[in-house]
Each structure stands twice: as structure tokens, then as C-alpha cells.
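Undergrad:
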Amino acid sequence: MARIADGVGDIASDFKFAMRMLRKDPVFTLVAVLCLAFGIGANAAIFSVVDAVLLRPLPYHEPGQLVRLFETTPARDPTWRGSVSWPNYQDWSTQLPSLEGVAAYEFQGRNLMTPEGAERVNVVAATANLFQLLGTPPKLGPGFAPGDDQPGAAPVVVIGEGLWQRRFGADPGLVGRTLTLDGQPHTVVGILPTAVGFPAGARMEVFIPFVPSADRVDNRGSHFLSVLGRLRPGSRPRRSPRS
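Under numbering that gives the first Met the number 0, the first residue of the sequence shown carries the number 0, and numbering increases by one thereafter.
1) According to DSSP, E118 sits in a beta bridge with which residue or residues?
2) T93 lies in the beta strand (DSSP E); which residues open and close that run?
3) Tell me which residues share the same chain as G142 and place their Cβ nearer than 7 Å to its Cβ, disregarding the 5 neighbours each side in the sequence.
4) Would a C-beta distance cut-off of 8 Å place A103 and S225 closer than the cut-off?
5) Since G189 is in the beta strand (DSSP E), which residue starts that stretch and which ends it?
6) Which residue's Cα is closest to the Cα of A124: T193, V155 and G100?
7) Which two residues bound the contiguous beta strand (DSSP E) that contains L129?
8) When the Cα atoms are used, what is the spatial distance from Q183 to M112?
9) Thinking C-alpha only, which one of R235, A153 and T126 is nearest P208?
10) If distances are taken between C-alpha atoms only, which option among E204, G233, G196 and E105 comes closest to R165?
11) List the endpoints of the continuous beta strand (DSSP E) containing L180.
12) By DSSP's criteria, P208 is part of a beta bridge. Which residues make up the other side?
13) Which residue's Cα is closest to the Cα of T71: G100, G81, P96 and L65?
14) Helix, strand or coil: how does DSSP classify P145 here?
15) Just curious, the alpha helix (DSSP H) that G159 is in, first and last residue?
16) Are the Cβ atoms of R231 and E105 separated by less than 8 Å?
17) Where does the unbroken beta strand (DSSP E) through Q229 begin, and where does it stop?
18) Out of A199, Q64 and K138, state which residue places its alpha-carbon closest to the alpha-carbon of R270.
19) Hey, out of A199, W91 and E160, whose CA is closest to Y59's CA?
20) Are R202 and G172 close, meaning C-beta to C-beta below 8 Å?
21) Mapping the DSSP letters down to three states, classify R166 as helix, strand or coil.
22) Please classify L173: does DSSP put it in a helix, a strand, or coil?
23) How many whole angstroms separate the CB atoms of R219 and P86, which I take to be in contact at a CB cut-off of 8 Å?
24) How many Å lie between F69 and G196 at the Cα?
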């Protein structure tokens, strides 16, 4: 008990000394407060990212069945994992029996024009089955249709709930109207709920169908896609060229 009492007394003495120093030296006080504020703010920001990416369950249907697919070069560097070419993605979508679906996407930047002015937005260009693979239907609208990512299809767009609220006043009538991205009209076909957050931990707010350019269609050396797969029930991910 005596040791506990001595410890409490030492803490009280240290606290009183610290308070006297803070009163005597305002500059020191300001620096101390700023250091505490920055430290607490940084830790809060780091925790929010860790919570969203690592601790909180992914906001997708059966997230444990989702896998990320990479290209590898075992003979050169067995630890390297890279982006995927369009021809390889197409092969994987039909030749991996352990997967019931595969979707691909890449990040782009576009200029969004509204009556309030232009805004540079980060865009996810994805195969039309992305939201179906994730199991995340739009809050409003039908979302992408199977043919929306085919060459010659009419341009469409899905936007995030945050952008819908911020720039369009949460107008439910926006679905079916057009938005202009890089000077090209796109019909709005869906509003994605904020809770979905794709990729995990991010807040991408504009989604368009991915249509490969002519120079990428048959080029297996052009690695630029991120690829997700959904395992069939009972399947497990394997490390092999075929499965």
C-alpha cells in the first residue's frame, strides 16, 4: 500500500510541476499543445484507415470468397506480383474452374462538367460485371448492363452517393440523365451507396465501363489491370498458372 501511495504522490507532484511550467512559459505551452494535437490527429487518421481496411469487414457479399489475381514470373522472381494484361484477363475469365466470376478494373482521371463548373474526379473503369461480382447493387438505378463494356456501347456512368449528394442535391431524378466526362455525355445508370467503398478503404465516386483500346486488345505485354475473382463454394485459392 505504501508503494502505491508513493506512486500516486509522485504522479501528483509531476502533474503540479508540469502545470507550473505551462503557466510560466506560454511558448512552451503552445508547442506542447500543438504536438499533442498533431499526435492525436495523426493517430486518429491512421486508426481510421486501419479500421476501414483491416478491422472492419469488407462491405461486399461473402467477402471471404473474393480473391485478388496477379501475374507472376516464377522463373525470374517468385515474389513479384504484377498487374494483368487484357488478353490474360479474358483467358482467366473462362479457364479458371475454381472461380465463378472474374472482374477487372483500372484507375483513371476525368473532368466532370456540371452547371457549377468543372471538377477533376478519380474514376474506376471496370468490366460491367464488377458490382455483380462484389454483390453490391446500386442504391438507385439498375447499374451496369452486360453489354455496357462492349465496343460501340453507349457511354454510361455510376456515381457514388457522396458525389450525388454534394454536386446534385441527392436528386433521385439524376438516374437516366446525362453527365459530361471529358466532354462526352454519359447516361447515369446508378448511385452507389457510400457504405460500399470500392476499393476497400477508398471513396472512388465515378465508375464507368472499361473498354480496352485497340493497342491493348491483343497485347499480353501491356500490364495495367487489377483483377478480382470470386471463388466457387467449397473452392480455395491456389498458386498455379491454371487454378
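No residue lacks a Cβ here, since even glycine has one placed at the ideal position from N, Cα and C.
TA: Taking the geometry as given:
1) Numbered from 1 along the sequence shown, position 119 holds the residue referred to as residue 118. Looking at the DSSP assignment, E118 forms a beta bridge with L111.
2) Translated into positions along the sequence shown, residue 93 becomes position 94. From DSSP, T93 is part of no beta strand (DSSP E) but of the alpha helix (DSSP H) over W85 to Q94.
3) Along the sequence shown, one-based indexing puts residue 142 at 143. So the qualifying residues of the chain are F130, P136, V157, V188 and G189.
4) The residue labelled residue 103 in the question sits at position 104 within the sequence shown. The residue labelled residue 225 in the question sits at position 226 within the sequence shown. Between A103 and S225, the C-beta spacing is below 8 Å.
5) Looking up residue 189 in the sequence shown gives position 190. Segment Q183 to L191, the beta strand (DSSP E) holding G189.
6) Counted from its first residue, the sequence shown places residue 124 at position 125. Answer by Cα proximity: V155.
7) Residue numbering aside, residue 129 sits at position 130 when the sequence shown is read from its first letter. For L129, no beta strand (DSSP E) segment is defined; the enclosing uninterrupted segment is the alpha helix (DSSP H) at L129 to L133.
8) On the sequence shown, residue 183 is found 184 positions in, with the first residue counted as 1. On the sequence shown, residue 112 is found 113 positions in, with the first residue counted as 1. Computed Cα separation, rounded: 10 Å.
9) If you number the sequence shown from 1, residue 208 lands on position 209. With distances taken between CA atoms, P208 lies nearest to T126 out of R235, A153 and T126.
10) The count along the sequence shown starts at 1 and reaches residue 165 at position 166. It is E204.
11) Along the sequence shown, one-based indexing puts residue 180 at 181. T177 to L180 is the extent of the beta strand (DSSP E) around L180.
12) Counted from its first residue, the sequence shown places residue 208 at position 209. Answer by DSSP bridge pairing, in chain order: A125.
13) Taking the first residue of the sequence shown as position 1, residue 71 is located at position 72. If we check each option's Cα against that of T71, G81 comes out closest.
14) Against the sequence shown, residue 145 aligns to sequence position 146. If DSSP states are grouped into helix, strand and coil, P145 belongs with the helices.
15) The residue given as residue 159 occupies position 160 in the sequence shown. First-last for G159: V155 to G159, but that is the beta strand (DSSP E), not the alpha helix (DSSP H).
16) Locating residue 231 in the sequence shown gives position 232, counting from the first residue. Locating residue 105 in the sequence shown gives position 106, counting from the first residue. Cβ atoms of R231 and E105: not closer than 8 Å.
17) Looking up residue 229 in the sequence shown gives position 230. The sequence shown places Arg at residue 229, not Gln. For R229, the enclosing beta strand (DSSP E) begins and ends at S225 to L230.
18) Residue 270 lies beyond the residue range present for the chain, which begins at 0 and ends at 242; the question has no answer from this structure.
19) Taking the sequence shown and counting its residues from 1, one reaches residue 59 at position 60. Checked all of A199, W91 and E160; the closest Cα to Y59 is A199.
20) On the sequence shown, position 203 is the one that residue 202 refers to. On the sequence shown, position 173 is the one that residue 172 refers to. Against a cut-off of 8 Å, the Cβ pair of G172 and R202 comes out as no contact.
21) If you number the sequence shown from 1, residue 166 lands on position 167. In the three-state DSSP reduction, R166 falls in the helix class (H, G or I).
22) Here residue 173 refers to the residue found at position 174 of the sequence shown. DSSP, read as helix, strand or coil, puts L173 in helix.
23) Counting from one through the sequence shown, the residue named residue 219 turns up at place 220. Counting from one through the sequence shown, the residue named residue 86 turns up at place 87. The Cβ separation is near 5 Å, so the contact holds.
24) Here the question's residue 69 lines up with position 70 in the sequence shown. Here the question's residue 196 lines up with position 197 in the sequence shown. Straight-line Cα distance between these residues: approximately 22 Å.
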